[in-house]
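Notes follow the structure.
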Amino acid sequence: MTYQSKPTSDGVYRIKVLNQDLFIESVPGNNPWLKLTSPSPTSNKQKWTLTQVSGQSNVWTMVSVEDGSGMTYKKNANTYWGYGYPYPQNGPSLNWSILERTTDGQTFSKIKLSGESNCFDSCATGSDVVCVRVYIPDIFSCPFPSQVNFYYDQARVNDGPKQCFVFELVPKVKPSGPLDIMFLQDATGSQQPYIDTTRNEITQICNILLSGGNYTPEDVRFGLIAFRDHPPQDYSFIIQEFPFTNDFGSFAANLASLTATGGGGGPESQSDALSAANKADWEDKATKVVVLITDSPPHGIGEDGDSFPQGCSHQIDPLRIATRMRKVGITLYMIACEPTLSQDYKGASDFYQRLVGRTGGKVVNLGDPSVLATLIVDSKPSAGV
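Okay, so the sequence shown: first residue is 1 according to the UniProt record's numbering, each after it adds one.
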(Lines of atoms letter the chains of each structure in order from A and count residues from 1; the text may use other names and numbers.)
(Lines give C-alpha, C1' and ligand atoms only; values in the text may rest on other atoms or scores of the structure.)
Protein backbone atom coordinates (compact mmCIF):
# COMPACT_ATOMS: atom_id res chain seq x y z
CA MET A 1 0.00 0.00 0.00
CA THR A 2 1.14 3.55 -0.70
CA TYR A 3 0.36 6.09 1.98
CA GLN A 4 0.70 9.84 1.84
CA SER A 5 1.02 12.27 4.71
CA LYS A 6 -2.06 14.27 3.71
CA PRO A 7 -4.82 14.20 1.09
CA THR A 8 -3.70 15.96 -2.06
CA SER A 9 -6.87 16.00 -4.14
CA ASP A 10 -10.58 15.28 -3.85
CA GLY A 11 -11.19 11.55 -3.76
CA VAL A 12 -11.90 8.45 -1.71
CA TYR A 13 -9.32 7.66 0.99
CA ARG A 14 -8.62 5.15 3.71
CA ILE A 15 -7.19 6.80 6.83
CA LYS A 16 -4.51 4.86 8.74
CA VAL A 17 -2.77 5.39 12.08
CA LEU A 18 0.84 6.33 11.30
CA ASN A 19 2.74 3.48 12.97
CA GLN A 20 -0.06 0.99 13.56
CA ASP A 21 -2.11 -1.16 11.21
CA LEU A 22 -5.35 0.52 12.30
CA PHE A 23 -7.86 2.40 10.14
CA ILE A 24 -10.70 4.81 10.88
CA GLU A 25 -13.96 2.93 10.37
CA SER A 26 -17.56 4.11 10.64
CA VAL A 27 -19.98 2.23 12.87
CA PRO A 28 -23.45 3.06 11.50
CA GLY A 29 -26.66 2.71 13.46
CA ASN A 30 -28.96 4.68 15.72
CA ASN A 31 -25.93 5.93 17.67
CA PRO A 32 -23.14 6.03 15.08
CA TRP A 33 -19.52 6.36 16.08
CA LEU A 34 -15.97 5.86 14.78
CA LYS A 35 -13.44 3.24 15.72
CA LEU A 36 -9.89 2.28 14.88
CA THR A 37 -9.72 -1.27 13.61
CA SER A 38 -7.71 -3.70 11.52
CA PRO A 39 -7.57 -3.20 7.76
CA SER A 40 -10.44 -4.31 5.53
CA PRO A 41 -9.55 -2.91 2.10
CA THR A 42 -12.89 -3.74 0.47
CA SER A 43 -15.08 -2.38 3.27
CA ASN A 44 -16.81 0.90 2.48
CA LYS A 45 -16.91 1.57 6.23
CA GLN A 46 -13.17 2.30 5.99
CA LYS A 47 -13.49 4.59 2.97
CA TRP A 48 -14.03 8.33 3.19
CA THR A 49 -14.79 10.80 0.44
CA LEU A 50 -12.61 13.84 1.17
CA THR A 51 -13.48 17.05 -0.64
CA GLN A 52 -11.45 20.23 -0.22
CA VAL A 53 -13.48 23.24 0.91
CA SER A 54 -13.23 25.97 -1.70
CA GLY A 55 -11.12 28.95 -0.70
CA GLN A 56 -9.73 27.33 2.47
CA SER A 57 -6.32 25.74 2.82
CA ASN A 58 -6.15 22.24 4.33
CA VAL A 59 -9.88 22.20 5.10
CA TRP A 60 -11.97 19.25 3.92
CA THR A 61 -15.37 17.66 4.23
CA MET A 62 -15.48 13.98 5.22
CA VAL A 63 -18.29 11.69 4.01
CA SER A 64 -18.61 7.95 4.62
CA VAL A 65 -18.70 5.88 1.44
CA GLU A 66 -20.69 3.26 3.36
CA ASP A 67 -23.85 5.30 3.84
CA GLY A 68 -23.16 8.85 2.64
CA SER A 69 -23.15 10.25 6.17
CA GLY A 70 -21.19 13.43 6.86
CA MET A 71 -18.76 13.88 9.74
CA THR A 72 -19.99 15.88 12.72
CA TYR A 73 -19.25 15.78 16.45
CA LYS A 74 -20.71 15.74 19.93
CA LYS A 75 -19.22 17.70 22.79
CA ASN A 76 -20.42 18.41 26.30
CA ALA A 77 -19.14 18.09 29.84
CA ASN A 78 -19.93 14.37 29.91
CA THR A 79 -18.15 13.22 26.76
CA TYR A 80 -14.49 12.25 27.07
CA TRP A 81 -13.62 14.65 29.87
CA GLY A 82 -15.45 17.34 27.92
CA TYR A 83 -13.39 16.87 24.74
CA GLY A 84 -16.18 15.13 22.83
CA TYR A 85 -15.97 12.83 19.84
CA PRO A 86 -16.51 12.87 16.05
CA TYR A 87 -19.10 10.67 14.38
CA PRO A 88 -20.86 10.26 11.01
CA GLN A 89 -24.43 11.53 10.78
CA ASN A 90 -27.17 11.45 8.17
CA GLY A 91 -26.48 14.90 6.77
CA PRO A 92 -23.71 17.09 5.40
CA SER A 93 -20.19 17.05 6.78
CA LEU A 94 -18.77 19.83 8.89
CA ASN A 95 -15.42 21.30 7.85
CA TRP A 96 -12.32 19.50 9.09
CA SER A 97 -8.70 20.69 9.12
CA ILE A 98 -6.19 18.06 8.02
CA LEU A 99 -2.85 19.52 9.06
CA GLU A 100 0.48 18.07 7.95
CA ARG A 101 3.25 17.89 10.51
CA THR A 102 6.80 16.53 10.68
CA THR A 103 7.95 15.32 14.09
CA ASP A 104 10.55 12.79 15.21
CA GLY A 105 11.59 12.30 11.59
CA GLN A 106 8.09 11.29 10.49
CA THR A 107 5.54 13.19 8.40
CA PHE A 108 1.82 12.71 8.97
CA SER A 109 -1.36 14.72 9.54
CA LYS A 110 -3.64 15.50 12.45
CA ILE A 111 -7.40 15.85 12.00
CA LYS A 112 -9.24 18.65 13.81
CA LEU A 113 -12.59 20.36 13.59
CA SER A 114 -11.90 23.49 11.57
CA GLY A 115 -11.06 26.34 13.93
CA GLU A 116 -10.54 24.04 16.93
CA SER A 117 -7.36 22.75 18.56
CA ASN A 118 -8.19 19.20 19.67
CA CYS A 119 -7.39 16.18 17.47
CA PHE A 120 -8.85 12.86 16.47
CA ASP A 121 -7.46 10.35 18.97
CA SER A 122 -8.47 7.03 20.49
CA CYS A 123 -8.59 6.29 24.19
CA ALA A 124 -5.87 4.14 25.68
CA THR A 125 -6.43 1.15 27.93
CA GLY A 126 -5.23 1.12 31.49
CA SER A 127 -6.52 1.20 35.05
CA ASP A 128 -5.74 4.91 35.42
CA VAL A 129 -7.66 6.04 32.34
CA VAL A 130 -11.38 6.64 32.13
CA CYS A 131 -12.27 6.38 28.47
CA VAL A 132 -15.86 5.39 28.16
CA ARG A 133 -17.92 7.29 25.65
CA VAL A 134 -19.82 9.07 28.41
CA TYR A 135 -17.55 9.95 31.33
CA ILE A 136 -18.52 7.94 34.41
CA PRO A 137 -16.12 8.68 37.33
CA ASP A 138 -16.36 5.27 39.01
CA ILE A 139 -15.48 3.22 35.92
CA PHE A 140 -11.73 2.79 35.45
CA SER A 141 -11.63 0.53 32.46
CA CYS A 142 -12.12 1.02 28.75
CA PRO A 143 -14.94 -1.03 27.21
CA PHE A 144 -14.46 0.77 23.87
CA PRO A 145 -10.66 1.02 23.55
CA SER A 146 -10.88 1.50 19.80
CA GLN A 147 -13.36 4.38 19.76
CA VAL A 148 -12.25 7.65 18.19
CA ASN A 149 -12.56 10.72 20.39
CA PHE A 150 -11.03 14.19 20.61
CA TYR A 151 -8.01 14.91 22.80
CA TYR A 152 -5.53 17.72 23.15
CA ASP A 153 -2.75 17.94 20.57
CA GLN A 154 0.35 16.03 21.70
CA ALA A 155 3.69 17.39 20.49
CA ARG A 156 5.48 14.06 19.99
CA VAL A 157 4.39 10.97 18.07
CA ASN A 158 5.03 8.63 21.00
CA ASP A 159 2.86 10.77 23.28
CA GLY A 160 -0.11 10.67 20.93
CA PRO A 161 0.42 7.78 18.50
CA LYS A 162 -3.27 7.56 17.58
CA GLN A 163 -3.44 11.25 16.74
CA CYS A 164 -1.14 10.77 13.76
CA PHE A 165 -2.61 9.66 10.44
CA VAL A 166 -1.59 8.90 6.87
CA PHE A 167 -3.84 8.49 3.85
CA GLU A 168 -4.29 5.88 1.14
CA LEU A 169 -5.94 7.19 -2.02
CA VAL A 170 -8.37 4.53 -3.25
CA PRO A 171 -8.15 4.10 -7.04
CA LYS A 172 -11.08 5.65 -8.82
CA VAL A 173 -13.84 3.31 -9.87
CA LYS A 174 -14.61 3.47 -13.55
CA PRO A 175 -17.91 5.37 -13.76
CA SER A 176 -20.83 3.08 -14.48
CA GLY A 177 -22.41 5.47 -16.95
CA PRO A 178 -25.67 7.38 -16.60
CA LEU A 179 -28.21 6.45 -13.94
CA ASP A 180 -31.88 7.46 -13.81
CA ILE A 181 -33.53 6.72 -10.47
CA MET A 182 -37.20 7.45 -9.79
CA PHE A 183 -38.55 7.33 -6.22
CA LEU A 184 -42.27 6.63 -5.67
CA GLN A 185 -43.12 7.97 -2.22
CA ASP A 186 -46.30 7.13 -0.32
CA ALA A 187 -47.63 10.49 0.96
CA THR A 188 -50.75 9.23 2.74
CA GLY A 189 -51.60 9.57 6.41
CA SER A 190 -50.47 6.04 7.24
CA GLN A 191 -46.93 7.11 6.31
CA GLN A 192 -46.81 9.60 9.19
CA PRO A 193 -44.73 7.29 11.45
CA TYR A 194 -42.29 6.69 8.60
CA ILE A 195 -42.10 9.87 6.50
CA ASP A 196 -39.04 11.42 8.18
CA THR A 197 -37.21 8.10 8.10
CA THR A 198 -38.04 7.51 4.46
CA ARG A 199 -36.92 11.02 3.51
CA ASN A 200 -33.64 10.47 5.33
CA GLU A 201 -33.18 7.05 3.75
CA ILE A 202 -33.77 8.37 0.23
CA THR A 203 -31.23 11.12 0.90
CA GLN A 204 -28.72 8.59 2.23
CA ILE A 205 -29.17 6.35 -0.82
CA CYS A 206 -28.55 9.32 -3.12
CA ASN A 207 -25.50 10.42 -1.11
CA ILE A 208 -24.04 6.92 -1.27
CA LEU A 209 -24.51 6.81 -5.03
CA LEU A 210 -22.89 10.23 -5.45
CA SER A 211 -20.00 9.70 -3.02
CA GLY A 212 -18.92 6.18 -3.95
CA GLY A 213 -17.22 7.04 -7.24
CA ASN A 214 -19.45 4.82 -9.36
CA TYR A 215 -21.28 7.78 -10.86
CA THR A 216 -20.42 11.37 -11.61
CA PRO A 217 -23.01 13.91 -10.42
CA GLU A 218 -23.69 14.89 -14.03
CA ASP A 219 -24.62 11.31 -14.90
CA VAL A 220 -27.26 10.82 -12.20
CA ARG A 221 -30.83 12.05 -12.58
CA PHE A 222 -33.29 11.91 -9.70
CA GLY A 223 -37.07 11.82 -10.11
CA LEU A 224 -39.93 11.73 -7.63
CA ILE A 225 -43.60 10.75 -7.75
CA ALA A 226 -45.74 11.15 -4.64
CA PHE A 227 -48.99 9.20 -4.44
CA ARG A 228 -52.12 9.17 -2.29
CA ASP A 229 -55.49 7.76 -3.42
CA HIS A 230 -58.47 8.13 -5.75
CA PRO A 231 -61.60 10.15 -4.93
CA PRO A 232 -63.67 9.83 -2.86
CA GLN A 233 -60.93 8.44 -0.61
CA ASP A 234 -58.70 11.46 -1.26
CA TYR A 235 -59.31 14.67 -3.21
CA SER A 236 -55.83 16.25 -2.91
CA PHE A 237 -54.07 14.26 -5.64
CA ILE A 238 -53.76 10.74 -6.98
CA ILE A 239 -50.14 11.27 -7.95
CA GLN A 240 -47.85 14.30 -7.94
CA GLU A 241 -44.92 14.17 -10.36
CA PHE A 242 -41.52 15.85 -10.09
CA PRO A 243 -39.52 15.21 -13.29
CA PHE A 244 -35.95 13.96 -13.53
CA THR A 245 -33.23 16.43 -12.58
CA ASN A 246 -29.45 16.41 -12.19
CA ASP A 247 -29.82 18.99 -9.41
CA PHE A 248 -29.80 17.01 -6.19
CA GLY A 249 -30.65 20.13 -4.18
CA SER A 250 -33.82 20.62 -6.22
CA PHE A 251 -34.74 16.96 -5.81
CA ALA A 252 -34.15 17.15 -2.04
CA ALA A 253 -36.36 20.25 -1.82
CA ASN A 254 -39.16 18.44 -3.64
CA LEU A 255 -38.80 15.51 -1.27
CA ALA A 256 -38.86 17.79 1.78
CA SER A 257 -42.06 19.42 0.55
CA LEU A 258 -44.07 16.21 0.92
CA THR A 259 -46.37 15.70 3.89
CA ALA A 260 -47.99 12.46 5.00
CA THR A 261 -51.72 13.09 5.06
CA GLY A 262 -54.94 11.95 3.44
CA GLY A 263 -55.49 8.67 1.66
CA GLY A 264 -58.44 6.50 2.43
CA GLY A 265 -56.80 3.98 4.68
CA GLY A 266 -55.88 0.61 3.24
CA PRO A 267 -54.71 0.22 -0.37
CA GLU A 268 -53.64 3.41 -2.16
CA SER A 269 -52.74 4.59 -5.67
CA GLN A 270 -49.44 2.76 -6.07
CA SER A 271 -50.57 1.47 -9.48
CA ASP A 272 -50.95 5.00 -10.84
CA ALA A 273 -47.48 5.90 -9.56
CA LEU A 274 -45.98 2.82 -11.20
CA SER A 275 -47.69 3.63 -14.48
CA ALA A 276 -46.43 7.22 -14.40
CA ALA A 277 -42.91 6.02 -13.63
CA ASN A 278 -43.00 3.65 -16.58
CA LYS A 279 -43.93 6.58 -18.85
CA ALA A 280 -41.30 8.97 -17.47
CA ASP A 281 -38.64 10.59 -19.65
CA TRP A 282 -35.98 7.89 -19.22
CA GLU A 283 -32.55 8.29 -20.80
CA ASP A 284 -32.13 5.47 -23.32
CA LYS A 285 -28.57 4.53 -22.29
CA ALA A 286 -29.06 4.96 -18.55
CA THR A 287 -29.40 2.32 -15.88
CA LYS A 288 -33.09 2.69 -15.05
CA VAL A 289 -34.27 2.17 -11.46
CA VAL A 290 -37.61 2.73 -9.75
CA VAL A 291 -37.81 2.62 -5.94
CA LEU A 292 -41.29 2.28 -4.39
CA ILE A 293 -41.60 3.24 -0.70
CA THR A 294 -44.85 2.34 1.05
CA ASP A 295 -46.56 0.63 3.97
CA SER A 296 -49.64 -0.50 2.03
CA PRO A 297 -50.59 -2.45 -1.12
CA PRO A 298 -52.25 -1.19 -4.31
CA HIS A 299 -55.94 -1.62 -4.95
CA GLY A 300 -57.31 -4.87 -6.30
CA ILE A 301 -55.09 -7.56 -4.75
CA GLY A 302 -57.76 -8.96 -2.39
CA GLU A 303 -57.14 -7.09 0.85
CA ASP A 304 -60.02 -6.54 3.26
CA GLY A 305 -61.54 -3.07 3.27
CA ASP A 306 -60.28 -2.17 -0.20
CA SER A 307 -62.39 0.73 -1.49
CA PHE A 308 -61.61 -0.40 -5.06
CA PRO A 309 -61.59 -4.22 -4.79
CA GLN A 310 -61.54 -4.68 -8.57
CA GLY A 311 -58.55 -2.38 -8.95
CA CYS A 312 -58.15 1.37 -9.10
CA SER A 313 -60.64 3.49 -11.03
CA HIS A 314 -58.13 3.84 -13.87
CA GLN A 315 -57.98 0.04 -14.17
CA ILE A 316 -54.19 -0.09 -14.04
CA ASP A 317 -52.78 -3.57 -13.38
CA PRO A 318 -49.50 -3.20 -11.44
CA LEU A 319 -48.24 -6.63 -12.51
CA ARG A 320 -48.67 -5.70 -16.17
CA ILE A 321 -46.84 -2.43 -15.50
CA ALA A 322 -43.95 -4.40 -13.99
CA THR A 323 -43.81 -6.58 -17.10
CA ARG A 324 -43.65 -3.46 -19.27
CA MET A 325 -40.90 -2.07 -17.06
CA ARG A 326 -38.84 -5.20 -17.59
CA LYS A 327 -39.28 -4.90 -21.36
CA VAL A 328 -37.82 -1.38 -21.40
CA GLY A 329 -35.03 -2.20 -18.94
CA ILE A 330 -36.42 -0.69 -15.73
CA THR A 331 -35.62 -2.48 -12.46
CA LEU A 332 -38.16 -2.01 -9.67
CA TYR A 333 -37.14 -2.14 -6.02
CA MET A 334 -39.44 -1.75 -3.05
CA ILE A 335 -38.67 -0.36 0.42
CA ALA A 336 -41.15 -1.97 2.81
CA CYS A 337 -42.23 0.13 5.79
CA GLU A 338 -42.44 -2.54 8.43
CA PRO A 339 -44.06 -3.74 10.59
CA THR A 340 -47.20 -2.05 9.18
CA LEU A 341 -47.07 -3.71 5.76
CA SER A 342 -46.95 -7.26 7.12
CA GLN A 343 -49.15 -6.75 10.17
CA ASP A 344 -52.00 -4.86 8.51
CA TYR A 345 -52.21 -6.68 5.17
CA LYS A 346 -52.40 -10.44 4.71
CA GLY A 347 -51.02 -10.64 1.20
CA ALA A 348 -49.08 -7.43 0.59
CA SER A 349 -45.58 -8.77 1.25
CA ASP A 350 -46.01 -11.73 -1.09
CA PHE A 351 -47.56 -9.49 -3.73
CA TYR A 352 -44.64 -7.07 -3.68
CA GLN A 353 -42.15 -9.94 -3.93
CA ARG A 354 -43.91 -11.07 -7.12
CA LEU A 355 -44.15 -7.51 -8.42
CA VAL A 356 -40.47 -6.60 -8.12
CA GLY A 357 -39.46 -10.11 -9.18
CA ARG A 358 -40.92 -9.45 -12.63
CA THR A 359 -38.25 -6.78 -13.17
CA GLY A 360 -35.36 -8.53 -11.44
CA GLY A 361 -35.64 -6.27 -8.40
CA LYS A 362 -35.90 -6.98 -4.69
CA VAL A 363 -37.82 -5.94 -1.59
CA VAL A 364 -35.72 -4.44 1.22
CA ASN A 365 -36.87 -3.19 4.60
CA LEU A 366 -36.72 0.43 5.62
CA GLY A 367 -33.64 1.09 7.72
CA ASP A 368 -30.62 -0.09 5.71
CA PRO A 369 -29.94 2.29 2.82
CA SER A 370 -26.55 0.78 2.01
CA VAL A 371 -28.20 -2.51 0.94
CA LEU A 372 -30.36 -0.84 -1.69
CA ALA A 373 -27.54 1.46 -2.81
CA THR A 374 -25.35 -1.60 -3.42
CA LEU A 375 -28.12 -3.26 -5.43
CA ILE A 376 -28.48 -0.14 -7.56
CA VAL A 377 -24.73 0.11 -8.17
CA ASP A 378 -24.71 -3.54 -9.22
CA SER A 379 -27.57 -2.96 -11.67
CA LYS A 380 -26.58 -2.83 -15.31
CA PRO A 381 -28.08 -0.69 -18.06
CA SER A 382 -30.43 -2.68 -20.22
CA ALA A 383 -32.40 -2.04 -23.34
CA GLY A 384 -35.00 -4.50 -22.10
CA VAL A 385 -35.83 -7.95 -23.29
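Using N, Cα and C, we set each Cβ at its ideal position, and we do this for glycine too.
One question on the structure: do Ser97 and Lys112 come within less than 7 Å of each other, judged by their Cβ atoms? yes
Same chain only: Cβ atoms within 6 Å of Asp378, ignoring 5 sequence neighbours per side: none
For Asp180, report the span of its alpha helix (DSSP H) as first-last. Careful: Asp180 lies outside any alpha helix (DSSP H), inside the beta strand (DSSP E) at Leu179 to Asp186.
Apart from the five residues just before and just after Val291, which ones in its own chain have a Cβ nearer than 6 Å to its Cβ? Phe183 and Tyr333
Leu22 - DSSP class collapsed to helix/strand/coil: coil
Near Cys164, which residues of its chain fall below 6 Å by C-beta distance, leaving aside the five closest residues on each side in sequence? Leu18, Phe108 and Val157
Confirm, please, whether the CB-CB distance from Phe251 to Phe222 is below 7 Å. Yes, these two residues count as a Cβ contact at 7 Å.
Since Gly223 is in the beta strand (DSSP E), which residue starts that stretch and which ends it? Start and end: Val220 to Phe227.
Could you check whether the region 344-353 touches the region 256-264, counting it as contact only if at least three pairs of C-beta atoms, one from each stretch, sit closer than 8 Å? no
Output the distance between the C-alpha atoms of Thr374 and Pro309, rounded to the nearest integer angstrom. 36 Å
Where do the ends of the beta strand (DSSP E) carrying Lys110 lie? Gln106 to Leu113
Return helix, strand or coil for Gly357, following the three-state DSSP convention. helix
Best match in Ser275, Glu66 and Lys327 for proximity to Leu209 [C-alpha to C-alpha]: Considering only alpha carbons, the answer is Glu66.
Note the first and the last residue of the continuous alpha helix (DSSP H) segment covering Gln204. Ile195 to Ser211
Ala253 to Lys285, Cα distance in whole Å? Distance between the alpha carbons of Ala253 and Lys285: 27 Å.
Is the Cβ-Cβ distance between Ile321 and Ser269 less than 7 Å? no
In angstroms with no decimal places, state the Cα-to-Cα distance between Pro32 and Lys47. 16 Å
Give the C-beta separation of Leu36 and Tyr13 to the nearest angstrom, bearing in mind that I take them to be a contact with Cβ-Cβ under 8 Å. The pair is not a contact, with the Cβ atoms about 15 Å apart (cut-off 8 Å).
DSSP-derived helix/strand/coil call for Trp81: helix
Looking only at C-alpha atoms, which of Ala77, Thr79, Tyr83 and Ser122 sits nearest to Phe23? Ser122
Below 6 Å, is the gap between the Cβ of Arg199 and the nearest heavy atom of the ligand NAD? As far as ligands go, the structure on display features none, and thus does not contain the ligand NAD.
Distance check for Gly70 and Ala77, CA to CA, integer angstroms please. Looking at the two C-alpha atoms, the distance is approximately 24 Å.
Classify His314: buried if its beta carbon has 16 or more other beta carbons within 10 angstroms, exposed otherwise. exposed
Best match in Thr103, Thr61 and Gly105 for proximity to Pro86 [C-alpha to C-alpha]: Thr61
Same chain only: Cβ atoms within 6 Å of Gly249, ignoring 5 sequence neighbours per side: none
Is Asn118 closer than 7 Å to Tyr83 when the C-beta atoms are compared? yes
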